[in-house]
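Trainee: Each residue of the sequence shown is one higher than the one before, starting from 1 at the first, in UniProt numbering.
We put the CB at the ideal spot given by N, CA and C, even for glycine.
Since we're looking at a predicted model, the values are computed, not measured.
If you scroll down you'll find the structure; I have some questions about it.
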Amino acid sequence: MTKPEINQINTEEVLDKYRAAGKIHQQVMEEARDKIKIGMNIYEYARFIDERILELADGSAFPVNISFNDAAAHDSPLLNDTRVFGEDVVKVDVGVHVDGYIADGAMTIDLSGKHGDLVKASEEGLKAALDTVKAGVTTQQIGAAVEDTITGLGFNPIRNLMGHGLAQYTAHAEPSVPNVRHSGFGAELRAGDTIAIEPFATDGEGFIDNGHIKEIYSQVKLKQTRMPFVRKVLEQINTYNGLPFAKRWLSGDKLDLALIQLEREGIITGYPILMEVSGGLVSQAEHTVIVTEDGCEVTTRG
């Protein structure tokens, strides 16, 4: 699988593609916020978002994450999922791309109306991070700003979830952007770098662990497989150019078995739902930014 150089300095032409993806992302997120309501089916909601992305962009950068309550990330509906929204704290994490250049952003919607302070904690953590970003700042400084803000509001940041760099057809590139202060220097940001910053806040302990359900996968190795029914599934996976995909986007008589075999052969990897270890509620806020000499340009903010 051909990948671009990570941490390359982006040209103005490339930055314009990031900006175009960001404008599409803004529109999709506005429509997604207006669409969600108690009683709505999660699969129908995801299908609406998937279809709008395909209408407006070159494709999804990853399957929409629709994560409930103590699930922090990686929850995406199964085909014909029967779950409906109730009085939940819902994280909606959307990625779109234009020619492989990605806009990645998330919001938290409190359908109960009871957890506004928790939602505000991640949003304020993100604001503090954005106020910190500029060329020469380190990722450790960003993490410190996020941690101080969230803890100052009475919540805990998720310590083992991070933001990340972006590159063409690469949804998670270097550098990692922590949500807490780390020992060491951290990566120094340069003008033209593109990163996604995503604070998570919780009323729990502040750590996540893998759950048992996987709906999101990505291809990690270009390799042939021998079994014909597995090859048919792999042909579909190849069309995503290494970007994450949802099982519901694939078809095949033995789909589950094919995915198991592809994981066994090291061709794909799966991403389990990430759960807060103490059962705490989780909120998330995220924007994609282009680093500038004196600050940052937020591509996903209207």
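In chain order, which continuous runs of the beta strand (DSSP E) of length 3 or greater are located wholly inside the region 165-225?
Mentor: Listed in chain order, they are 170-177, 194-197, 200-202, 208-219.
Trainee: With DSSP collapsed to three states, give me the class of residue 29.
Mentor: Correct three-state label for residue 29: helix.
Trainee: DSSP has residue 287 in a bridge; who is on the other side?
Mentor: Per DSSP, 197.
Trainee: Between residue 110 and residue 118, what straight-line distance do the alpha-carbon atoms span, to the nearest angstrom?
Mentor: C-alpha separation (whole angstroms): 9 Å.
Trainee: Please return the same chain residues whose Cβ sits closer than 6 Å to the Cβ of residue 237, not counting the five positions on each side in sequence.
Mentor: Result list for residue 237: 219, in chain order.
Trainee: Per DSSP, residue 73 is paired with what?
Mentor: 274.
Trainee: According to the Cβ coordinates, are residue 216 and residue 76 closer than 7 Å?
Mentor: A contact, by the Cβ cut-off of 7 Å.
Trainee: Buried or exposed, going by whether 16 or more other CB atoms sit within 10 Å of the CB of residue 228?
Mentor: The residue is exposed, with fewer than 16 neighbouring Cβ atoms inside 10 Å.
Trainee: Mapping the DSSP letters down to three states, classify residue 101 as helix, strand or coil.
Mentor: Reduced to three states, the DSSP call for residue 101 is strand.
Trainee: In angstroms, rounded to a whole number, what distance separates the CA positions of residue 190 and residue 80?
Mentor: Looking at the two C-alpha atoms, the distance is approximately 44 Å.
Trainee: If you draw a straight line from the C-alpha of residue 241 to the C-alpha of residue 92, how long is it?
Mentor: Their Cα atoms are separated by approximately 23 Å.
Trainee: What number of angstroms, rounded off, separates the C-alpha of residue 20 from the C-alpha of residue 98?
Mentor: Cα to Cα, the separation comes out at about 7 Å.
Trainee: Check residue 294 in the structure and name its three-state DSSP category.
Mentor: Residue state, collapsed to three classes: coil.
Trainee: Between residue 137 and residue 157, what straight-line distance do the alpha-carbon atoms span, to the nearest angstrom?
Mentor: Their backbone Cα atoms lie some 21 Å apart in a straight line.
Trainee: Based on the DSSP output, what are the partners of residue 122 in its beta bridges?
Mentor: The partner list for residue 122 (beta bridge, DSSP) is empty, contrary to what the question assumes.
Trainee: Return the CA-CA distance between residue 3 and residue 113, expressed in angstroms with no decimal places.
Mentor: Model confidence at residue 3 stands at a pLDDT of 42, short of 50, so the residue's coordinates are unreliable; what they give is reported in the following sentence. If you take the alpha carbons of residue 3 and residue 113, they lie about 43 Å apart.
Trainee: Given residue 262, which residues of its chain have a CB within under 6 Å of its CB, disregarding the five upstream and five downstream residues?
Mentor: Counting only Cβ-Cβ distances below 6 Å, and skipping sequence neighbours, we find 268.
Trainee: Looking only at its chain, what residues have a beta carbon closer than 7 Å to the beta carbon of residue 252, apart from the 5 residues adjacent to it on each side?
Mentor: Taken in chain order, the residues that qualify are 229, 232, 233, 258.
Trainee: Out of 154, 289, 53, which one is the CA nearest neighbour of residue 321?
Mentor: Residue 321 falls outside the range modelled here, since the chain spans only 1 to 302, and no answer is possible.
Trainee: Whose CA, out of 264, 214, 247, lies closest to the CA of residue 226?
Mentor: When each option's Cα is compared against that of residue 226, the closest is 264.
Trainee: Taking a contact to mean a Cβ-Cβ separation below 7 Å, would you say residue 90 touches residue 53 in this structure?
Mentor: Their beta carbons are not under 7 Å apart, which means residue 90 does not touch residue 53 by this criterion.
Trainee: Candidates 17, 9, 24: which alpha carbon is nearest residue 302's?
Mentor: It is 24.
Trainee: Is it right to say residue 124 is buried, meaning 16 or more other beta carbons lie within 10 angstroms of its own, or is it exposed?
Mentor: It counts as buried.
Trainee: If you run the structure through DSSP and keep just helix, strand and coil, what is residue 61?
Mentor: Of the three classes helix, strand and coil, the one that applies to residue 61 here is strand, per DSSP.
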